[in-house]
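Working notes, structure below.
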Amino acid sequence: MDPAEPHLPPSLSSGFFSGARAALAFLTRIPCGKQAVSEGALAWAPAWFPAVGCGLGLAGSAVLSVLARAGSLVAAVAAVAFLALVTGAFHEDGLADSADALGGAFDRPKLFAILKDSRIGSFGATALVLVLLLRITALARLGPAATAALVLGQTLSRTTPAWLMAALPYATPSETARSAKVAKGRVSQAVIASLFAAVATAGIVFGRELPMRGTLIAVSAPLVVALICGWRFHVRAGGITGDFLGATQQLTDAAILVALAASG
């Protein structure tokens, strides 16, 4: 080893910092260069998911602020549309596919066949419309607090998938697996993701962007959603898939925004 090279633990030196670029490339359509992403970087990507979410939330809050004079509902629609555009509707697609599979399949082979099908069915369309409406109307209801709520929701909603990766096996059959190198997470990635989410949440609270009571309620919402989703994914599929993780992000984000709106 070169004496000038930092003495990082093997687990960190094998892709931790480059995992930030891997996470950005995986979760968004933002150009991240043509350099190949190593397997180590992909493995560490989940640790950076909340950081990417925080950046997306800040960008979305800028859209909310710019369009505030057009009305809270218009601004909320534009912010949600902007996030879907930047991410390529990545998570929304996972929500629709998951709803179709869980709602329309009675056994695991059929479930995975539906997940692989790119067409959207009645369960998927209904879930997508309802969750979009919840996110938009909750943001509109929050008024001036919507900017901080959007940052909180985008950050925390990308923390729960990291824990599901650590807690449940990756269940997608190998011949159709596309997210295996990212989705096979470990507790270490989930812990680091949670630390970043905690710092971001503390910044929002101590910056008086959101009230303490509402924030505490909102922070508990992802835990409830993650437990319910994780249990359901385990029972129906024996583990997680990339689509399931996207669905969890969408449901968690909606739950956070609704909790904040309901708390006043």
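Residue numbers for the sequence shown, in the numbering used here: 1110 to 1373. Yeah, the Cβ is synthetic: ideal placement off N, Cα and C, and Gly gets one too.
Between the CA atoms of residue j and residue i - distance to the nearest angstrom
i     : j     : result
L1224 : F1315 : 42 Å
V1146 : F1125 : 12 Å
A1363 : L1151 : 27 Å
K1219 : R1345 : 11 Å
L1230 : A1177 : Looking at the sequence itself, residue 1230 is Gly, so the reference to Leu does not match. Straight-line Cα distance between these residues: approximately 35 Å.
T1281 : R1217 : 10 Å
A1309 : C1163 : 8 Å
I1337 : L1167 : 28 Å
K1143 : S1127 : 13 Å
L1354 : L1243 : 19 Å
F1305 : V1333 : 20 Å
G1233 : H1343 : 20 Å
F1158 : G1347 : 24 Å
G1213 : A1236 : 13 Å
P1270 : G1339 : 9 Å
S1227 : F1215 : 19 Å
I1365 : L1319 : 12 Å
L1251 : V1367 : 9 Å
T1246 : L1325 : 21 Å
A1184 : C1141 : 28 Å
L1165 : Q1263 : 7 Å
A1210 : M1274 : 19 Å
Q1358 : V1195 : 15 Å
A1311 : V1291 : 28 Å
A1299 : A1249 : 31 Å
A1370 : S1174 : 18 Å
V1328 : L1239 : 22 Å
T1361 : A1156 : 18 Å
A1222 : I1313 : 42 Å
P1331 : V1172 : 25 Å
G1149 : W1272 : 18 Å
I1301 : R1317 : 25 Å
Y1279 : R1341 : 14 Å
A1295 : M1321 : Correcting the residue type first, residue 1295 is Arg in the shown sequence and not Ala. Going from the Cα of R1295 to the Cα of M1321 covers about 31 Å.
Secondary structure of residue i, DSSP reduced to three states
i     : result
A1370 : helix
I1229 : coil
I1313 : helix
I1139 : coil
D1111 : With a pLDDT of 40 at D1111, under the threshold of 50, the modelled position of that residue is not reliable, and the figure given next carries that caveat. Note: D1111 maps to coil in three-state DSSP.
Beta-carbon separation (whole angstroms), residue i vs residue j, contact threshold 8 Å
i     : j     : result
A1154 : A1131 : 4 Å
L1259 : S1170 : 5 Å
A1356 : L1204 : 4 Å
G1323 : S1372 : 4 Å
L1277 : I1349 : 5 Å
S1207 : D1352 : 5 Å
T1268 : S1303 : 6 Å
A1160 : A1193 : Not a contact, Cβ separation roughly 20 Å.
Chain D within 8 Å of residue i, Cβ atoms only
i     : result
T1264 : Included in the structure is just one protein chain, with no chain D present.
Three or more C-beta pairs under 8 Å: does that hold for the segment 1249-1260 against the segment 1181-1200?
Touching, yes.
Where are the alpha helix (DSSP H) runs, 4 residues long or more, that stay fully inside the segment 1211-1281, in chain order?
As far as the segment 1211-1281 is concerned, its whole alpha helix (DSSP H) runs of at least 4 residues are 1217-1225, 1231-1251, 1255-1265, 1269-1276.
So does the segment 1192-1199 actually touch the segment 1136-1145, counting three or more Cβ pairs closer than 8 Å?
Touching, per the Cβ criterion.
Which parts of the segment 1186-1213 are runs of the alpha helix (DSSP H), unbroken and 4 residues or longer, counting only runs that do not cross its ends?
Taken in chain order, the complete alpha helix (DSSP H) segments of 4 residues or longer contained in the segment 1186-1213 are 1199-1213.
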